[in-house]
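Step one of this worksheet: look at the structure below.
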Amino acid sequence: MKLLHIIATPREDESRTLRVTDAFFEGLEKSDPECKVDTLDVTKVKLPALTVQAVNGKYVLLGGKDLSDDLKPAWEDIIKHIERFLSADGYVISAPMWNFSIPYYLKHYIDIILQPRYLFRYTETGPEGLVKNKKMAVITSRGGDYSPESPSHAYDFQEPYIKAVFGLAGIIDITFINAQPMDALGMDVQKEKIKSSQEIARKLGEKFFLDKSSK
Ligand SMILES: Cc1cc2nc3c(=O)[nH]c(=O)nc-3n(C[C@H](O)[C@H](O)[C@H](O)COP(=O)(O)O)c2cc1C
């Protein structure tokens, strides 16, 4: 099994999101020590720009045609990222909430990979996701509390957005672990919420690939 870990916080050792994610990988290592982890830090790599050439290519593919030779150079790195994404059996995204949604680094990555013919296609009955039977875990942390019981719940555009974009690609088995609040109620609450999120993350890691590897 191969897992693609997409990191979307630039904070490295300071990151609360990554502290929770570490527990997921401890659990995974325990149950599936052979699992290969491909780490892609979208805050550190230079993602291809969506130039006019790259965007034109998207419309060509949407129209059901092949890329012409003049558009291919702009798509070389885009296709490499799409192939790397598709080569994984499952996904972990580590992303803090930024301005009620995802950090722009992750949005850029999604704009690169979520391409017609590769991740989805249009049919007469609507869009069809082409990434079938793959699981995703999304680990987030937030300064405030956006849980369903909180008055700020309606401002959580992060979880519904991630569900919508990867749902378009066909990834519907998505589990969220949201560590919150990290900043609003002080250090004691932060520590307690990181700890409880780590426990959930460790358990999720332990069973993440179990149903697949037993087949
Ligand atoms: C640019 C930026 C925007 C943020 N926007 C929000 C926000 O809209 N809501 C919120 O609750 N916290 C917000 N935060 C706080 C972070 O979500 C929070 O501190 C999180 O734990 C940081 O994760 P990290 O330590 O993994 O980087 C923001 C932080 C930054 C740097």
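With the first letter of the sequence shown counted as 1, position 99 gets the number 82 in my numbering; the numbers rise by one all the way through.
Even for Gly, the Cβ is constructed at its ideal location relative to N, Cα and C.
Since the model is a prediction, treat every value here as computed from it, not as a measurement.
(request) Work out the CA separation of Ser124 and Thr0 for me, nearest whole Å. (result) Each residue's Cα considered, the two are about 5 Å apart.
(request) With Glu175 as the anchor, note down where its alpha helix (DSSP H) starts and where it stops. (result) Gly169 to Lys190
(message) One question on the structure: do Gly188 and Gln163 come within less than 8 Å of each other, judged by their Cβ atoms?
(response) no
(message) Need the endpoints of the alpha helix (DSSP H) that Asn161 sits in, please.
(response) Segment Asp156 to Ala162 is the beta strand (DSSP E) holding Asn161; no alpha helix (DSSP H) there.
(message) For the stretch 49 to 59 against the stretch 68 to 86, do three or more pairs of beta-carbon atoms, one drawn from each stretch, fall closer than 8 Å, so that the two count as touching?
(response) no
(message) Here's a check: name, in chain order, each residue in its chain whose Cβ is nearer than 7 Å to the Cβ of Ile177, leaving out the five neighbours to either side.
(response) Arg(-1), Arg2, Val3 and Ala162
(request) Please report how far the alpha carbon of Tyr88 lies from the alpha carbon of Phe140, in whole angstroms. (result) 16 Å
(message) Nearer than 7 Å: is that true of the beta carbon of Asn116 relative to any heavy atom of ligand 1?
(response) No, the Cβ of Asn116 stays beyond 7 Å of every heavy atom of ligand 1.
(request) Quickly, what does DSSP pair Trp58 with across the bridge? List them, please. (result) None, per the DSSP bridge assignment.
(message) Considering just the uninterrupted stretch of the beta strand (DSSP E) at Glu111, what are its terminal residues?
(response) Gly109 to Gly112
(request) Evaluate contact between the stretch 143 to 151 and the stretch 19 to 29, counting only Cβ atoms and requiring at least three cross-stretch pairs below 8 Å. (result) no
(message) Here's the rule I'm using: 16 or more other beta-carbon atoms within 10 Å means buried, otherwise exposed. How should Gly109 be labelled?
(response) If you draw a 10 Å sphere on the C-beta of Gly109, you find fewer than 16 other C-beta atoms in it, and that means exposed.
(message) My output table needs one value for Leu151: the three-state DSSP class, helix, strand or coil.
(response) helix
(message) My parser needs the beta strand (DSSP E) runs of 3 or more residues fully inside the stretch -10 to 44; what are they?
(response) The stretch -10 to 44 contains these whole beta strand (DSSP E) runs: 19 to 24.
(request) Confirm the yes/no value for this check: CB of Asn39, any heavy atom of ligand 1, distance under 7 Å. (result) no
(request) Compare the Cα-Cα distances from Leu151 to each of Asp94, Glu175, Thr26 and Lys13 and report the closest residue. (result) Asp94
(request) Give a single yes or no on whether Glu142 has its beta carbon closer than 7 Å to a heavy atom of ligand 1. (result) no
(message) Pull the bridge partners of Ser84 from the DSSP assignment, please.
(response) Trp81
(request) Would you mind stating whether Trp58 and Gly40 have Cβ atoms separated by less than 8 Å? (result) yes
(request) Inspect the beta-carbon positions of Ala71 and Lys(-15) and report whether they are closer than 8 Å. (result) Result yes, Cβ atoms of Ala71 and Lys(-15) sit closer than 8 Å.
(request) Check whether the Cβ of Met80 lies closer than 7 Å to any heavy atom of ligand 1, and answer yes or no. (result) In this structure, ligand 1 has a non-hydrogen atom nearer than 7 Å to the beta-carbon of Met80.
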